[in-house]
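Novice: When we follow the numbering used here, the leftmost residue of the sequence shown carries the number 914, and every step to the right adds one.
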Amino acid sequence: MKDPRPEKVAVVDELRQKFADADGTILTEYRGLDVPAMAELRNALREAGGEYKIYKNTLVRLAARDAGLEIEDLLVGPTALAFVAERPDGSDGDVAAVAKALREFAKTNELLVIKGGVLGNKPLNSDNIKALAALPSRDVLLAQLAGAFQAPMAKFAGLLSAVPRQFAYALSALIEDRGGAESTTDVNTTDETTAEDAVAAESDETQTQTEASADADAGDAGESGEASQEKEA
């Protein structure tokens, strides 16, 4: 058996590297698509992070075997591969976005047939690709995930901010309650003091009246004694 030509070896190596670098690969049949349609499809895929390439099935089969990918049954007829790579801005490609771009193009170009593909090392059929195309894009999913995290965090932050407020309200209520008790104590003390003063005043008045009565009796007794002496004289 003759050694493969260096050109074929280079292509197989290139394919093997693309399979390794790609997050996923979608295989399509492009039979009948003209050059303008292919250019339109490539541009649409590039925006989603997809690189659309055409290779001979025999070379793709060799590279897939080396990479451990089970796509041999998809390598029938003219086949083009959409590798999910980087977007023009350098951000990561999106398998769902690439699948969506292929689906949207196929709606107006029936000659494009989505066969299947691989996601990592997992084989995908055409139904799997359609399911991927129905998913939101990576950016939308990340936004939804951020929103899911943000809602509980906002509630948690609200609870944290409510703790000082509630503590302040409780402290204020406690101060008012203690202040009310102190006021009641002051009133009771004042009432008790007033009562004691009244009892003391009443006692002093009674004592004064008693002393005045005793003085009056003593005066009467003195006058009676003087009267009796005058009579005897």
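We treat Cβ as the ideally placed atom computed from N, Cα and C, and that holds for glycine.
(1) If you follow the beta strand (DSSP E) that D964 is in, where does it begin and where does it stop?
(2) State buried or exposed for A1012, treating a residue as buried only when at least 16 other CB atoms are found within 10 Å of its CB.
(3) Excluding five sequence neighbours on each side, which residues of the same chain lie with their C-beta closer than 6 Å to the C-beta of V924?
(4) Tell me the residue span of the alpha helix (DSSP H) that contains A1010.
(5) Give the single residue among T1021, A933, E927 and I939 whose Cα lies nearest to the Cα of G963.
(6) Let me make sure I understand the geometry here. Which of E985, F996, S1004 and T1021 has the alpha-carbon closest to that of E927?
(7) For A1009, count neighbouring Cβ atoms within 10 angstroms of its own Cβ and tell me buried if that reaches 16, exposed if not.
(8) In terms of DSSP beta bridges, what is T938 paired with?
(9) Let me check one thing: in DSSP terms, what residues is N1038 bridge-paired to?
Specialist: So, from the data block:
(1) Residue 964 is actually Glu in this sequence, not Asp. Note, E964: beta strand (DSSP E), G963 to I967.
(2) So A1012 counts as buried.
(3) Taken in chain order, the residues that qualify are L972.
(4) From DSSP, the alpha helix (DSSP H) with A1010 extends over V1008 to T1021.
(5) Among T1021, A933, E927 and I939, the Cα nearest to that of G963 is on I939.
(6) The shortest C-alpha separation from E927 is found at F996.
(7) Here A1009 is buried, its C-beta having at least 16 other C-beta atoms within 10 Å.
(8) For T938, which the question treats as bridged, DSSP gives the partners F996 and V1031.
(9) G1029.
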